[in-house]
Structures are given as C-alpha cells and as structure tokens.
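Structure first, then comments.
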Amino acid sequence: MMMINRTLAIALASLLLLSACTDDSNPSVAKQRDHADRAATADGGENHNDDGDEHGDEHGDEAHDEEAPRWNATSLEAAGIRLEALQPQVLSETLRAPGEVVDNGYGTTLITPRIDALVVKRHARLGEEVPKGAPLVTLSSVEVAEAQSALRLAEQEWKRVQALGRDAVSGRRYGEAQIAAEQARATAQAYGMGSDVEVNARGDFTLKAPHAGRITQDAFVIGQRIESGQVLFRLVDESIVWVDAKLPAEQAHRIAIGAEAEVALGQLRLRGKVMQHAHHTSEDTRNAKIRLEVPNAGDRLHGGDFVDVYLPAGEPGPAQLALPTAALVQMEGETVAFRQDGESIEPVPVRTGAVIGDQTVILSGLAAGDRVVIEGAYVLKSQALKSQLGEGHAH
1 MMMINRTLAI
11 ALASLLLLSA
21 CTDDSNPSVA
31 KQRDHADRAA
41 TADGGENHND
51 DGDEHGDEHG
61 DEAHDEEAPR
71 WNATSLEAAG
81 IRLEALQPQV
91 LSETLRAPGE
101 VVDNGYGTTL
111 ITPRIDALVV
121 KRHARLGEEV
131 PKGAPLVTLS
141 SVEVAEAQSA
151 LRLAEQEWKR
161 VQALGRDAVS
171 GRRYGEAQIA
181 AEQARATAQA
191 YGMGSDVEVN
201 ARGDFTLKAP
211 HAGRITQDAF
221 VIGQRIESGQ
231 VLFRLVDESI
241 VWVDAKLPAE
251 QAHRIAIGAE
261 AEVALGQLRL
271 RGKVMQHAHH
281 TSEDTRNAKI
291 RLEVPNAGDR
301 LHGGDFVDVY
311 LPAGEPGPAQ
321 LALPTAALVQ
331 MEGETVAFRQ
341 DGESIEPVPV
351 RTGAVIGDQT
361 VILSGLAAGD
371 RVVIEGAYVL
381 KSQALKSQLG
391 EGHAH
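When we follow the UniProt record's numbering, the leftmost residue of the sequence shown carries the number 1, and every step to the right adds one.
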C-alpha cells in the first residue's frame, strides 16, 4: 500500500491545486493551494531547498513521502467528495416497476335500475363526490306505479286490521293482512325503491348512493328510456385505490404478500401494501402483475394515473456494514474504500460480501464509526492513476 499512499498524496495535491486555481484572492482557496503546494513539494522534493545539498533532499523525500494533503469542508466540496460515518444498516433490495392506478373493485358500485324505466330527474353529476344515501336519479315506471298501488292498498288494510285488534277479527284475516302488506313492500323494494319507499302510486322512484364515493361514469340524459340492468352511474370509493405494478415473472415471485411498498407520482410519495399476485404471466411481455392497496388521503391518485412503484424484494436481513457500490474502486488488484484519517484521506483495502441493491456488504477492512468516502471515489482513483503515469515518465 506504500505505492498507493504515495500516489494518492500526489493525486489529492493535484485536486487541491485545481480547486485553488479559480481564485487566488479567496483566503480559503489560498489556504487550499498552500496545502497542495506542501503535498506536491513533499512528494517531489525538487523545490524544497534549491541551495541545499543532495543528501539533505533525499532525507526530505523520505520524511514527506507519506504526508497526505489536509482536507476541510471547502476543499472536499470543491473536489466533489462526500463522506459519512459508516454504520450498520438493514439492507433489502428494492425493485422499481411501472404501475397504473385502477379503481378499488371492492369499493365500486354500478348504479342500475331493476326494471325498464324513464329518467325523470338527475340529482348528481359526473365527478361529484356524494355521501352514503344521497339521491342520484329519479326514474318512473308503470310497473312501479302498479307495485306502489298494491302496496298502498295492502298497508291500508293492514292498519285497519291492526286497529280492530286480534279480538275483533279472525286469526286468519289478521295473518293474511300482515303477509299481504309485507309482500307488497318486498315487491316495491325489489324494483329498487328502497326500504324507506314513499307510497305515492305515481310510479316515481329514486335510486340512492349505497356508499360514499365519487361518480366516475354518467351515461344517460333526462327523458331517456332505460332498460333493466343498464348502467346509469359508476360510483367509486377513492379513499383506497389499487395500483397494478408489472414485473418480470422471475422477479414478481420475490415480492411478499403484505409487504410495504412506495408509489411515486411526480414528487408525490404514498405508502401502500401488496395485496395479491396475479396468477397469470402475459404471453406478450412475460410480465406478471402485482396489486397494491394504497390509502389515498387527499384524493391525490385517480384511476388511469401512471406511477412508479418501489417494491422490497425478499425479507430484510440483519444489520451489517455496507457502502454504496460506487464508493468502492479497484487499485493495484485490491478492492479499496477511502477512509478519512484526521484531515487526510487514505485508501483502505476491504473484503466485500453480497451486493444488495446499490449497496455492497463490507466484511472486513473498515469498522463502524469510520468516516468513509461515499461519493467521489472514482475522482480520487482517476487522479491517482494520472499521478502514477506522471511518476513513470519522471523516472
């Protein structure tokens, strides 16, 4: 490592000289240049003492070969170098997949009439958010008018029998009146009039929202004749939406049901949970679908939105030391990280383990608490290689 240290000293000195060249009048920059000059002089020894004897210069070289340049916050920033204290961390690989927001099928209702009818009045419009029980549309039907008339007569008879009491009428008449009223009301409700139907015998009835939600489909006009089962409204509860993410089949099986995931739409970030795997792989793309359930506070996601989905692959392991893979370089056949030692930065050979996502596990060579370079390692290596070439020409 003697050669690496010596080369690195020259390399770091070069970086400091480059950063200092921008402004001689700046005191901090001038200080950096002074550090660089001392590092360069210590390495070469040629300008240390022009009038001294050759023997003294040789000893000066030996004394200063190992001296590394000094670093401060300004010089580190100028060189594009960032350091952090190394700490154990729990690593898990994250997979990125394209996704699409779809309506929550468990919170979606199609509003349809159960009989043929005519549209009389609209109470809600496309895009509106309505509460549970809100009137949506009023329809009219001859069949409903007949059912309402039958219900009115049956309930009048039932009330009359109740007023007379069991002692004044036979048990059979009492029971028949009660059953007739219940059957008439059940028929009216079967036509979609609801349990609180008003008996007006005009044939009008109103469809109401079975739950709170937003109207995402509105496919009729006033006066239109509607057939039984025809969709008038699509009512969607958007408080929780679904997101369908697509992954290659060989990756999809690594995603666990119930795993926490992140959904990104521009700068918006929302947390969700994996709810199911599709048991089918696309014949065209060979992708499999992973469905997430995402709480949609603030109504920020809507069906049809395209998003990015970040999914954890497998169970996280124990906490361990790791560095960004980009912070490790190869020098003289060794894998090297850069560690801060006081005001200097030294290359340190390390033994590495598994690569998980963009992190590489460090098995030995560094310890928790070491301040290490996490950005700028390749800058240091590049300058070191240039310095090695320069030394070769000098010799």
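From the three backbone atoms N, C-alpha and C, an ideal C-beta is built for every residue, glycine too.
By a beta-carbon distance limit of 8 Å, L292 contacts A245. Their separation comes to about 7 Å. For the pair F205 and V263, the CB atoms are not nearer than the 9 Å cut-off. For R269, the enclosing beta strand (DSSP E) has its first and last residue at 268-281.
The straight-line gap separating the alpha-carbon atoms of A322 and A337 is approximately 11 Å. Contact annotation: Q162 and A188 have beta-carbon atoms that are not nearer than 9 Å.
Contact between V274 and V101 does not hold, since the beta-carbon distance rounds to 15 Å and is not under 8 Å. Under the 8 Å Cβ criterion, the stretch 146-160 counts as touching the stretch 178-188, having at least three qualifying pairs. With respect to V130, L139 sits apart: the two C-beta atoms are not nearer than 9 Å.
Taking the C-beta atoms as reference points, E375 is found nearer than 9 Å to A327. Within the stretch 158-242, the complete beta strand (DSSP E) segments at least 3 residues long are 204-208, 213-218, 233-236, listed from N- to C-terminus.
By the CB criterion at 9 Å, R125 and I215 fall inside the cutoff. For A354, the uninterrupted beta strand (DSSP E) segment begins and ends at 351-356.
In this structure, L270 and T112 do not form a Cβ contact; the two beta carbons are roughly 32 Å apart against a cut-off of 8 Å. Between the stretch 250-257 and the stretch 218-230, the count of C-beta pairs closer than 8 Å stays below three; the two stretches do not touch.
The C-beta of G298 has fewer than 16 other C-beta atoms within 10 Å across all chains shown, which makes the residue exposed. For Q383, the three-state secondary structure derived from DSSP is helix. Judged by DSSP in its simplified three-state form, T112 adopts coil rather than helix or strand.
Beta-bridge pairing by DSSP links K289 to K246. About 5 Å separates the beta carbon of R371 from that of A85, a gap short enough to meet the 8 Å contact definition. Shown here, Q87 sits in coil according to DSSP, grouped into three states, outside any helix or strand. In this structure, DSSP gives S149 a helical state, which the three-state scheme calls helix. Residue nearest to G266 within the set V236, Q383, V307 is V307 (criterion: CA-CA distance). Ranking G171, A117, G369 by CA distance to the CA of R225 puts A117 first.
Remark: C-beta atoms of L95 and P312 approach each other more closely than 9 Å. Of the other Cβ atoms in all chains shown, 16 or more fall within 10 Å of the Cβ of P347; this residue is therefore buried. Taking each of H211, Q178, T360, A184 in turn and checking the Cα distance to V90, the smallest one comes out for T360.
Following the DSSP letters along the chain, one finds L366 in no beta strand (DSSP E), marked with neither H nor E. CA-CA distance, T335 to V309, rounds to 33 Å. An exposed status is given to E77, since fewer than 16 other beta-carbon atoms sit within 10 Å of its beta-carbon. Assigned with DSSP and collapsed to three states, S141 falls in coil, not helix or strand. In terms of Cα proximity to T285, the closest of L247, G314, A261 is L247. By the neighbour-count criterion, in which a residue is buried when 16 or more other Cβ atoms sit within 10 angstroms of its Cβ, L207 is buried.
One alpha carbon belongs to Y106, the other to K289, and they sit about 18 Å apart. By the 16-neighbour rule on beta-carbons within 10 angstroms, L83 is buried.
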